[in-house]
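Accompanying notes for the structure given below.
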Amino acid sequence: MEYSPPPLFKQGASARFKMMVFACISIALLLADSRVNALTAVRQGVGFVLYPLQKIALLPRDAISGMGDYFSTLSKLEKQVSVLQQQQIAASQALQQAQLYQAENNQLRKLLDAQQRVPGKSQLAEILYEARDVFTRKVILNRGIQHGVSAGLPVIDNQGVVGQVTRVFPFTSEVTLLTDKEQAIPVQILRNGLRSVAVGRGQSGNLDLRFMAPTADVVVGDILITSGIDGVYPAGLAVARVVQVESNASGAFGRVVCAPLAGTERNTALLILMSLPEMPPRPPEEEPVAKPSKKKDKEKVKAEAADAPKEATR
Numbered sequence: 035m036e037y038s039p040p041p042l043f044k045q046g047a048s049a050r051f052k053m054m055v056f057a058c059i060s061i062a063l064l065l066a067d068s069r070v071n072a073l074t075a076v077r078q079g080v081g082f083v084l085y086p087l088q089k090i091a092l093l094p095r096d097a098i099s100g101m102g103d104y105f106s107t108l109s110k111l112e113k114q115v116s117v118l119q120q121q122q123i124a125a126s127q128a129l130q131q132a133q134l135y136q137a138e139n140n141q142l143r144k145l146l147d148a149q150q151r152v153p154g155k156s157q158l159a160e161i162l163y164e165a166r167d168v169f170t171r172k173v174i175l176n177r178g179i180q181h182g183v184s185a186g187l188p189v190i191d192n193q194g195v196v197g198q199v200t201r202v203f204p205f206t207s208e209v210t211l212l213t214d215k216e217q218a219i220p221v222q223i224l225r226n227g228l229r230s231v232a233v234g235r236g237q238s239g240n241l242d243l244r245f246m247a248p249t250a251d252v253v254v255g256d257i258l259i260t261s262g263i264d265g266v267y268p269a270g271l272a273v274a275r276v277v278q279v280e281s282n283a284s285g286a287f288g289r290v291v292c293a294p295l296a297g298t299e300r301n302t303a304l305l306i307l308m309s310l311p312e313m314p315p316r317p318p319e320e321e322p323v324a325k326p327s328k329k330k331d332k333e334k335v336k337a338e339a340a341d342a343p344k345e346a347t348r
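Put into structure tokens, the structure is as follows:
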């Protein structure tokens, strides 16, 4: 059975003729548009009508492109945040280092000012570390025999006396702090000149004024300075401040607790006084007078008694 299209599709001109007609119309429209721009208004109208359809058709493409840009931007932002965090850490470290240098510079300036105020020769020394013995109060400095340091030299900072050099090595030296329990220093009260001896209390970090009478004129807040009578510390150096006074009526002495003005906790460098204060020479010792023996005294008395009658007869 042969297939034949319905009668409806057999009516009219043939498809080839229709194609030729539409082709001619298209060529005519192209020529008219290129010559006189006759279809400009039509093209604008068609573009206006089709613009929403174009946007809808481009939505999938724009969505995919936007997702790509989003993830790309997110990756760039994460990298930038990581770089900024590293820069912030580096800047924070540099700031802390600058603050440390500033603090050390300020301390060195104060030590230099103290060096100019203290008579005699002195030199700066850096604190290397504390002594390993936890029951003592000692620090190690980076100056030793090769730098002219010897045992017994006093050590100060810009606030006052820190301690005394007790052991010396070729390139380092050991300083015993005033708060060590085996360290003592002659002091006097700045307000009234009352002299005493300050002795370290060990781990407490304070000093005791020994052999103070209960009625001694000592009040909280008094400043203690070196008296200079020991020939080690120059007179007039600040030592401590009185923080506690206890008068014991039943005992022979009162209790006076002092806090040192200087210290190594807030210092990284100290000042070693290279010359001890000059002390006046001691007076020469008197020679003992020989005492006459009792036997010679008796003989002298008898001779004087024998001579007495002779002188009377004359």
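Heads up: the sequence shown runs through residues 35 to 348, numbered per the working numbering.
Glycine residues also receive a C-beta, built at the ideal position from the N, C-alpha and C atoms.
Keep in mind the model is a prediction, meaning the values are calculated, not measured.
Exercise for review: Tell me whether M246 sits in a helix, a strand or coil according to DSSP, three-state version.
Suggested key: Within the sequence shown, numbered from 1, the residue matching residue 246 stands at position 212. Here M246 sits in strand by DSSP.
**Study point:** Per-residue DSSP class, three states only, for Y163
**Key:** For the purposes of this step, residue 163 is identified with residue 129 of the sequence shown, where counting begins at 1. Reduced to three states, the DSSP call for Y163 is strand.
Review point. Going by beta carbon distance, what residues of the same chain come within less than 8 angstroms of P343, once the five residues before and after it are set aside?
Key: Within the sequence shown, the letter at position 309 stands for residue 343. Only weak support is given to the placement of P343: the predicted model assigns it a pLDDT of 48, under 50, and the value that follows is read from those uncertain coordinates. If we look at P343 and ignore the five residues flanking it on each side, it has no Cβ neighbours.
**Study point:** Continuous beta strand (DSSP E) stretch holding L211: start and end
**Key:** The residue labelled residue 211 in the question sits at position 177 within the sequence shown. Taken as a continuous stretch (DSSP letters only), the beta strand (DSSP E) holding L211 covers 207-211.
Practice item. Take the Cβ of T74 as the centre, count every other Cβ of all protein chains shown within 10 Å, and call the residue buried at 16 or more, exposed below. Key: For this step, residue 74 is matched to residue 40 along the sequence shown. Burial call: exposed.
Check your understanding: Cβ atoms of A303 and L158: under 8 angstroms apart, would you say?
Key -> Residue 158 sits at position 124 when you count from the first residue of the sequence shown. Residue 303 sits at position 269 when you count from the first residue of the sequence shown. Yes, the pair counts as a contact, with Cβ atoms nearer than the cut-off.
Check your understanding: Applying the criterion that 16 or more other CB atoms from any shown protein chain within 10 Å of the CB defines a buried residue, is Q217 buried or exposed?
Key -> Looking up residue 217 in the sequence shown gives position 183. By the 10 Å Cβ count, Q217 comes out buried.
Exercise for review: Using only alpha-carbon positions, find the residue among A125, F245, I219 that is nearest to I263.
Suggested key: The residue given as residue 263 occupies position 229 in the sequence shown. Looking at the Cα atoms, I219 is the closest of the given residues.
Check your understanding: Can you list the beta strand (DSSP E) stretches of 3 or more residues lying completely in the segment 121-194, in chain order?
Key -> 156-164, 172-175, 188-190
Point to revise | Residues that R289 bridges to, as DSSP identifies them | key: Walking along the sequence shown from the start, residue 289 turns up at place 255. Answer is E280.
Practice item. Tell me whether T200 sits in a helix, a strand or coil according to DSSP, three-state version. Key: The sequence position of residue 200 within the sequence shown is 166, counting from 1. In this structure, T200 counts as strand in the three-state DSSP scheme.
Check your understanding: Is it the case that the Cβ atoms of R229 and S207 are separated by a distance below 8 angstroms?
Key -> Position 195 of the sequence shown, counted from the start, is the residue given in the question as residue 229. Position 173 of the sequence shown, counted from the start, is the residue given in the question as residue 207. Not a contact, by the Cβ cut-off of 8 angstroms.
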